[in-house]
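Asks: Chains as they are written, first to last, in this note's numbering: chain A, 1 to 283; chain B, 1001 to 1283. For each residue, glycine too, the CB sits at the ideal point set by N, CA and C. In this text, all values refer to a predicted model and were calculated from it rather than measured experimentally. Sharing a structure below in structure tokens format, with a few things to ask.
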DNA sequence: AGCTCTTATGAATCATTGA
DNA sequence: GTCAATGATTCATAAGAGC
């Protein structure tokens, strides 16, 4: 255990995920959003869990997550198979099967589709432009607030060939916390429910830490699966993006990371984040 | 065995998939593109394989597919988990694991993302807007012609991450066989390689037969993984969409289906299809 | 030709009804 | 009860009509 930094509505703990989780009370967390390290043969990368041992490594952690999650809570897992020797690794498939066996309900699989994937050229594949977003729950009935993530109707969005004119200066890039902003400007338009594909650009200007998801990603699930004042947990906090989304939308945040540097970044970003107020916060 | 209708470059056989495949010579097929029936509890739907028995049902068929495929060939499997009792079924996960164990190389997973998914509203999920497109091969080296499916730079890569991109789903027209169409109009532009996400609208024109994927979907893989004159197999021909793509691009087609009505439709659509000529055929 | 408006419909899911 | 069939819900396309 390294140290604990705890402020009002924020609790970042540095240490081994499994050990720290044991300190968390039963059924105290409303939502878990996380992106665990990928399986990798190289030991010196973040995490560095070997593919064959990945499921065995993750399952005890998942058992703790199942314990600390409230009955109506959700667990959103962002993950993607990497390629070894020209093949996709299968540990993700096995993980989902074992999580279900452990007691998690595999409610849905959302997708994160990236319009601007990392460039590159290979002879046997194209650029990888998507990742899994598995949605697990403890019970068949869980809190879900669909109206908070509605999007402008297709007709309206499409006819705005001049969209750039209207929202010229407001880049809806991931950094700008796309969802919920400019809500007032849309109030008189027709809204529809979204589908299970999140189309979000990768953030390019990160601070040097390994590629994290854009803020809009945890933001979407936080609005969808939790209320203001609820507690959101990220057991692999990384650069603390989940925490940023929490502060923006008035959720309590608990982050865990084994690296002191990541904890420092997570805390710094949380402190730098300004909560959304009034119309700008849709939920 | 029902009957065999064979013309030049077209061979549609009605009968049980597993039995018919046994008549096909070893390593005679260049590419397999198919969308098998989904697992379902209801007996009277197409196929009607129960989820628990799905993998056991499919594996012997896959073994035949492995046998008839040429060493440098590809197998593209379109499938999607359906929901039962509020959870996604897991037979697809098990199937991929078993196929790999059988000897298939899981090279890549492409996605079919639909801008126009089936409508509906439910309390625990949104509309399902995507399906799997697993890419299996026999060996690490297989034929792949990336330059044939390049896309214009402006349409894709440029506007990435903007507001309009996020809410306006950019789509290649399915009915017009989007890929390769308007090729002349693109000649003077810059091209870039695509990513592993296919954005294709569901066709709603083909009524009567159980609507399959849009023509542009097999078209993309046929151009990518086969040459003109090659033999393409669809062991679950359904409405014969794969055959249409074959005739358009000068590939030989073998289709198998257990229902006489589907075979008739497959043959009729093949006959109605006009091969692309000159500039319009990119490959 | 374009442009607007209307209409039909699709590998879905869930709750309800009927056997 | 368990299982199977029916109806309500919902929206991005394409096609067709009208101007």
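Rounded to whole angstroms, what's the CA-CA distance from residue 109/A to residue 64/A? Just pull it up for me.
Replies: One C-alpha to the other measures close to 22 Å.
Asks: Let me make sure I understand the geometry here. Which of 124/A, 58/A, 213/A, 29/A has the alpha-carbon closest to that of residue 225/A?
Replies: It is 29/A whose Cα lies nearest to the Cα of residue 225/A.
Asks: Looking at the C-beta of residue 128/A, does it have a partner C-beta in chain B at a distance below 8 Å?
Replies: So yes, residue 128/A belongs to the interface.
Asks: Tell me the rounded alpha-carbon separation between residue 1227/B and residue 1099/B.
Replies: Looking at the two C-alpha atoms, the distance is approximately 26 Å.
Asks: Quick check: what's the CA-CA separation for residue 76/A versus residue 149/A?
Replies: Their Cα atoms are separated by approximately 16 Å.
Asks: Give me the Cβ distance between residue 1230/B and residue 1247/B, rounded to the nearest whole Å; I'm assuming they're in contact under 8 Å.
Replies: 13 Å between Cβ atoms; not a contact.
Asks: For the beta strand (DSSP E) containing residue 1013/B, name the first residue and the last one.
Replies: Note, residue 1013/B: beta strand (DSSP E), 1010-1014.
Asks: List, in chain order, every chain B residue whose beta-carbon is nearer than 8 Å to that of residue 86/A.
Replies: Near residue 86/A (Cβ distances below 8 Å), the residues of chain B are 1105, 1107, 1140.
Asks: One question on the structure: do residue 1126/B and residue 193/A come within less than 8 Å of each other, judged by their Cβ atoms?
Replies: Yes.
Asks: Out of 140/A, 102/A, 123/A, which has the shortest C-alpha to C-alpha gap to residue 1144/B?
Replies: Residue 123/A is the option with its Cα nearest to residue 1144/B.
Asks: Helix, strand or coil for residue 1190/B? Go by DSSP, reduced to three states.
Replies: Residue state, collapsed to three classes: coil.
Asks: When the cut-off is 8 Å and only beta carbons count, does residue 111/A lie next to chain B?
Replies: Chain B, which has a Cβ nearer than 8 Å to the Cβ of residue 111/A, makes this yes.
Asks: Considering just the uninterrupted stretch of the beta strand (DSSP E) at residue 294/A, what are its terminal residues?
Replies: Outside the displayed range of chain A (1 to 283) lies residue 294/A, so it cannot be described from this structure.
Asks: For residue 1244/B versus residue 1273/B, is the C-beta spacing smaller than 8 Å?
Replies: Yes, they are a contact pair.
Asks: What is the rounded straight-line gap between the Cα of residue 222/A and the Cα of residue 31/A?
Replies: Between residue 222/A and residue 31/A, the C-alpha separation is close to 8 Å.
Asks: Compute the Euclidean distance between the alpha carbons of residue 1049/B and residue 1071/B, then round it to the nearest angstrom.
Replies: Looking at the two C-alpha atoms, the distance is approximately 30 Å.
Asks: Determine contact between the region 259-274 of chain A and the region 1012-1019 of chain B, defined as no fewer than three beta-carbon pairs at a distance below 8 Å.
Replies: Because the criterion of three Cβ pairs below 8 Å is not met, the region 259-274 of chain A and the region 1012-1019 of chain B do not touch.
Asks: Can you name, in chain order, every residue of its own chain whose Cβ lies under 8 Å from the Cβ of residue 1140/B, other than the five neighbours on each side?
Replies: The residues are 1105.
Asks: Which of the three DSSP states, helix, strand or coil, is assigned to residue 1097/B?
Replies: Residue state, collapsed to three classes: helix.
Asks: By Cβ distance below 7 Å, which residues in the same chain neighbour residue 1118/B in space, the five residues on each side in sequence not counted?
Replies: Result list for residue 1118/B: 1127, in chain order.
Asks: Quick check on this structure: which residue in 34/A, 53/A, 87/A, 196/A has the alpha carbon closest to the alpha carbon of residue 1138/B?
Replies: If we check each option's Cα against that of residue 1138/B, 87/A comes out closest.
Asks: Secondary structure at residue 228/A, three-state DSSP: helix, strand or coil?
Replies: Coil, per DSSP.
Asks: So if I threshold CB-CB distances at 8 Å, which residues from the region 240-251 of chain A count as touching chain B?
Replies: Correct list: empty, as no residue qualifies.
Asks: Is there at least one Cβ from chain B nearer than 8 Å to residue 187/A's Cβ?
Replies: Low local confidence applies: a pLDDT of 47 at residue 187/A is under 50, so the model's placement there is unreliable, with the coordinate-based value given in what follows. Residue 187/A does not count as touching chain B.
Asks: Kindly indicate if chain B contains any beta-carbon less than 8 Å away from that of residue 148/A.
Replies: By this cut-off, residue 148/A is not an interface position.
Asks: Can you pull the chain B residues whose beta carbon is under 9 Å from the beta carbon of residue 121/A, in chain order?
Replies: Simply 1146, 1193.
Asks: I need the boundaries of the beta strand (DSSP E) containing residue 86/A, first residue and last residue.
Replies: Where residue 86/A is concerned, there is no enclosing beta strand (DSSP E), given that its DSSP letter is neither H nor E.
Asks: Per DSSP, which residues does residue 149/A bridge with? Please list them.
Replies: Answer is none; residue 149/A lacks a bridge partner.
Asks: Please name the residue, chosen from 1250/B, 1146/B, 1116/B, 1151/B, that lies closest to residue 155/A on a Cα-to-Cα basis.
Replies: Taking only the C-alpha atoms, the option nearest residue 155/A is 1116/B.
Asks: Whose C-beta lies closer than 8 Å to the C-beta of residue 82/A among residues of the same chain, with five residues either side of it excluded?
Replies: Correct list, in chain order: 38, 39, 40, 88, 89.
Asks: For residue 196/A, return the contacting residues in chain B, with the cut-off set at a CB-CB distance below 9 Å.
Replies: By Cβ distance, chain B contributes 1117, 1125, 1126, 1127, 1128, 1129, 1130.
Asks: Examine the ligand MN and report whether any of its heavy atoms sits within less than 7 Å of the Cβ of residue 69/A.
Replies: As far as ligands go, the structure on display features none, and thus does not contain the ligand MN.
Asks: Tell me the DSSP secondary structure of residue 1119/B in three-state form.
Replies: Residue 1119/B falls in the coil class under three-state DSSP.
Asks: Would residue 100/A count as contacting chain B if we go by Cβ distances under 8 Å?
Replies: It does: the Cβ of residue 100/A has a partner Cβ on chain B nearer than 8 Å.
Asks: Using a Cβ cut-off of 8 Å, pull out every chain A residue sitting near residue 1096/B, in sequence order please.
Replies: Those are 90, 93, listed as they occur along chain A.
Asks: Could you round the C-beta distance between residue 1196/B and residue 1111/B to whole angstroms and report it? I think they count as a contact, below 8 Å.
Replies: With a Cβ gap of about 7 Å, residue 1196/B and residue 1111/B count as contacting.
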